[in-house]
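With this note's numbering applied, the sequence shown corresponds to residues 48 to 303, in that order. Backbone N, C-alpha and C fix where the C-beta goes; we use that ideal spot for every residue, glycine too. Beneath this line is the structure, given in structure tokens, with notes to follow.
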Amino acid sequence: MGAITRLWRGDGVEVVRVRAPGGRLAYDRHFHDDWVIGVNLTGREHLWLDHRDHDVAAGSITAYEPGAVQAGRFEGPEADFVSLYVSQEAWRRLAEDAAGDGDTRLARPVIDDPPVAGGLVALARDPSAEAALVVLGTLVRHHGTRLPPALAAAPDRLARAAEFLRATLDRPVDLAELAAVTGLSRYHLARSFHARYGLPPRLWHQQLRVDAARRQIDSGRPLAEVALDLGFADQSHLTTAFRRVMGTTPGRWRNA
């Protein structure tokens, strides 16, 4: 498990640094509802993103769209990286300002741009709203393009399933209930949902609940209340799910 330092947060952007001695750091398949922009300071990351493998060297930038399923494993003497979590609303504002189009995405998930990477590294030393917005704006201007969202809201039954899961964060949803909502068989739903979204419905829904837990923890709510509000059996269950996604426990995240 890595040591997380939360360096700065404001206006829908959070700057986080993660270090793990010996490079012993791995993340299971997961996604975030936010944009996550990162730069690896040391080590090498073997990244799996949306069914493709990438080899990410130190100094390279990674960019994960909301909903993009990812997994990663670091090698080297130390895993050390800086990540910016950017809410979708903040991203739209930033993209509108930087590129004149709030729907601007990034053309590639792994980007080699030493000046922008240097700006991200500088955030680890001197984080501020201005520095974060400047480096993100530069990234958008240099590498932005107009792409469809990763999870386009197509009016079909799989989109209906995703919308139902997003609207039901206070409890687990079993496959039978979701099949009834969509009118699909459980088998067809499970197979088709996994193919489109990269995770089975249960795990995809759990990722949403973990993201909601992170936001509630950031607002200062007690961990026991967060677990209860989001339908985890207890605080221990929340801790297990949270660690799989964030690489640390809710308590350490809160205190970082």
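Assuming residue i and residue j make a contact with CB atoms under 8 angstroms, what is their CB distance in whole Å?
i: T229; j: R204; result: 4 angstroms
i: P297; j: T287; result: Wrong, their Cβ atoms sit about 10 angstroms apart, outside the cutoff.
i: R291; j: H77; result: 7 angstroms
i: L277; j: A259; result: 6 angstroms
Look at the Cβ atom of residue i, then the Cβ atom of residue j, and state whether they are nearer than 9 angstroms.
i: L236; j: L250; result: no
i: V63; j: L88; result: no
i: L153; j: T215; result: no
i: A171; j: L72; result: no
i: L222; j: L255; result: no
i: D80; j: A118; result: no
i: D265; j: E136; result: no
i: A126; j: G90; result: yes
i: V116; j: D102; result: no
i: V182; j: V133; result: no
i: I108; j: V65; result: no
i: A179; j: L131; result: yes
i: P2; j: G123; result: The requested residue 2 does not occur in the structure, where the chain is confined to residues 48 to 303.
i: A110; j: R155; result: yes
By DSSP, does residue i sit in helix, in strand, or in coil?
i: L277; result: coil
i: S283; result: helix
i: Q50; result: Per the sequence shown, residue 50 should be read as Ala rather than Gln. Of the three classes helix, strand and coil, the one that applies to A50 here is strand, per DSSP.
i: R152; result: strand
i: S239; result: helix
i: G147; result: coil
i: L250; result: helix
i: R56; result: strand
Straight-line CA distance for residue i to residue j?
i: G189; j: F121; result: Per the sequence presented here, residue 189 reads as His, with Gly not at that position. Answer to the nearest angstrom: the Cα atoms are 27 angstroms apart.
i: W138; j: L275; result: 30 angstroms
i: L167; j: V257; result: 26 angstroms
i: V305; j: F289; result: Outside the displayed span of the chain (48 to 303) sits residue 305, for which this structure offers no information.
i: P196; j: R262; result: Because P196 sits at a pLDDT of 49, beneath the cut-off of 50, its placement in the model cannot be relied upon, and the following sentence gives the value as read from the coordinates. Those two C-alpha atoms are separated by around 22 angstroms.
i: D246; j: E112; result: In the sequence as presented, Asp is not what sits at residue 246; that position holds Leu. So the alpha carbons of these two residues sit roughly 16 angstroms apart.
i: A146; j: R99; result: 28 angstroms
i: G85; j: G165; result: 11 angstroms
i: A141; j: Q253; result: Rather than Ala, the amino acid found at residue 141 in this sequence is Leu. Using only the alpha carbons, I get a separation of about 29 angstroms.
i: S283; j: V187; result: 39 angstroms
i: F279; j: R243; result: 26 angstroms
i: A104; j: G59; result: 28 angstroms
i: F240; j: V220; result: 14 angstroms
i: E177; j: D281; result: 40 angstroms
i: R301; j: A206; result: 33 angstroms
i: R268; j: G57; result: 18 angstroms
i: E143; j: T151; result: 8 angstroms
i: R233; j: A209; result: 15 angstroms
i: R218; j: A271; result: 15 angstroms
i: G114; j: P248; result: 13 angstroms
i: L2; j: M293; result: Absent from the model: residue 2. The displayed extent of the chain is 48 to 303, so no value can be given.
i: S175; j: T52; result: 15 angstroms
Can you check the stretch 64-126 for any beta strand (DSSP E) of at least 3 residues that lies completely inside it and give the ranges in chain order?
Listed in chain order, the complete beta strand (DSSP E) runs (minimum 3 residues) inside the stretch 64-126 are 73-77, 82-96, 99-103 and 108-111.
Which runs of the beta strand (DSSP E), 3 residues or longer, sit entirely within the stretch 161-230?
Taking only runs of at least 3 residues, the beta strand (DSSP E) segments lying wholly in the stretch 161-230 are 191-193.
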